[in-house]
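Here the working numbering runs 37 ahead of the position in the sequence shown, where the first position is 1.
Note that CB positions come from ideal geometry on N, CA and C, so glycine has one too.
What follows is a set of notes on a single structure, which appears directly below.
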Amino acid sequence: MITLGVETSCDETSVSIVKNGRQVLSNIVFSSLKEHKKYGGVVPEIASRAHLETILPCLDLSLKKGRLSLKDIDLIAVTQGPGLMGSLLVGLSAAKALALGLRKPLVGVDHVIAHVYAGFLSDPHLTFPILGLAVSGGHTMILRMDSPSKVKILGRTLDDASGEAFDKVAKILGLRYPGGPEVDRLAKGQDSALFKFSRPFLSKDSLDFSFSGIKTAVFYKVEQLKKEKPLSLKVKKEICSGFQEAVCDVLAEKSVRAAKMEQVRSIVVGGGVSANSRLRYKLRRCAKAASIRAVFPDFCLCQDNAAMIAALGSALYLEGRRDTLDLSSYSDFMYHPSV
38 MITLGVETSC DETSVSIVKN GRQVLSNIVF SSLKEHKKYG GVVPEIASRA HLETILPCLD
98 LSLKKGRLSL KDIDLIAVTQ GPGLMGSLLV GLSAAKALAL GLRKPLVGVD HVIAHVYAGF
158 LSDPHLTFPI LGLAVSGGHT MILRMDSPSK VKILGRTLDD ASGEAFDKVA KILGLRYPGG
218 PEVDRLAKGQ DSALFKFSRP FLSKDSLDFS FSGIKTAVFY KVEQLKKEKP LSLKVKKEIC
278 SGFQEAVCDV LAEKSVRAAK MEQVRSIVVG GGVSANSRLR YKLRRCAKAA SIRAVFPDFC
338 LCQDNAAMIA ALGSALYLEG RRDTLDLSSY SDFMYHPSV
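In structure tokens:
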């Protein structure tokens, strides 16, 4: 089965073609990041206009790279949410038009769950059940997945998402946007013990997260240091290391704790923060000590992409999922047993 996936939830426009739910034939991603950098964050109006300009070229490139034509497509999968409404509507409209014009079935896919499902594209031996850790700029949550459609939320952030905290701390330190990769880069080789920040909720039995406190602690520490003298690059690197260590400790330890509680032997991480080198190291080490597998997607699948949408859409379709042309988008994560 050949599935065409469409992803436009934020500032990346992506069209991908996946064969039999696992083999990526093409995965075209266009980002309007350069436009957003001027403003230090994603501007919804700019993002939606960029999607309008690039959705058809991405479709053409995806078909060309996959050496296919539209008549070869068996299924259309599209991001239904969560995300920016203006951006989502561009992709949803394009997918509906393709489904209608080609007379092919349509499946709406949840963006957050698709990030976790991307692990199945990177590890051909991965099987259910899995413990999913979704970590991005908009979401941080722990999920148990027993099948593509059977999902249970075990914990989620009560305030800032982990990726959001990375971006905000980077802004506090005067680093470039997006902040996550910058913090990761600067933290390499630094002593994280020089600036030690608390590990919120780590001692609690709850699997929920809270990252606003770490962000605030960094802000006050920076303000205190700036009163004495301007921050040197060396100090910024050390703060990045201390902050990153605290966040990754919480993510790794809570994920392994959840896997033990659920008696699941595989932890699958998805979302932009899954590219973080320190998180990959700490979670793999922590999981290995508990005889649990830690699975991370290939780096090209950490960012928003349509390959994960096509893969999950294909799996949902095989389970019997069918959507109609009145399929609507949603801006916030909406858990439903059939998601």
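For residue 38, the number of other beta carbons within 10 angstroms of its own is below 16, and it is reported as exposed. In this structure, residue 115 sits near residue 132, with a CB-CB distance shorter than 7 Å.
In chain order, 273 place their CB closer than 6 Å to the CB of residue 210, counting only its own chain and leaving out the 5 sequence neighbours on each side. Residue 361 is classed as exposed because its beta carbon has fewer than 16 other beta carbons within 10 Å across all chains shown.
Residue range 270 to 299 is occupied by the alpha helix (DSSP H) that includes residue 278.
Within a 10 Å sphere around the beta-carbon of residue 50 sit 16 or more other beta-carbons, which makes this residue buried. By the neighbour-count definition (other C-beta atoms within 10 Å, threshold 16), residue 226 is an exposed residue.
For the pair residue 179 and residue 124, the Cα-to-Cα distance works out to about 26 Å. Annotation for residue 41: 54, 110, 113 place their beta carbon closer than 6 Å to its own, counting only its chain and skipping 5 residues before and after.
Annotation for residue 184: 165 place their beta carbon closer than 6 Å to its own, counting only its chain and skipping 5 residues before and after. Rounded to whole angstroms, the separation of the alpha carbons of residue 252 and residue 277 is 11 Å. In this structure the stretch 160 to 176 touches the stretch 298 to 316; the number of beta carbon pairs closer than 8 Å is three or more. Sorting 193, 80, 65 by C-alpha distance to the C-alpha of residue 71 places 80 at the top. The beta-carbon distance between residue 262 and residue 285, rounded to whole angstroms, is 23 Å. This is too long to meet the 8 Å contact definition.
With a minimum length of 4 residues, the unbroken runs of alpha helix (DSSP H) contained wholly in the stretch 131 to 191 fall at 148 to 154, 156 to 159. Proximity to residue 233 across 255, 83, 239, 241 peaks at 255, based on C-alpha coordinates. Comparing alpha carbon positions, the residue from 128, 198, 270 closest to residue 95 is 128. With respect to residue 220, residue 248 sits apart: the two C-beta atoms are not nearer than 7 Å. Distances from the alpha-carbon of residue 73 to those of 97, 216, 356, 222 put 216 closest. Rounded to the nearest whole angstrom, the C-alpha separation of residue 98 and residue 143 is 21 Å.
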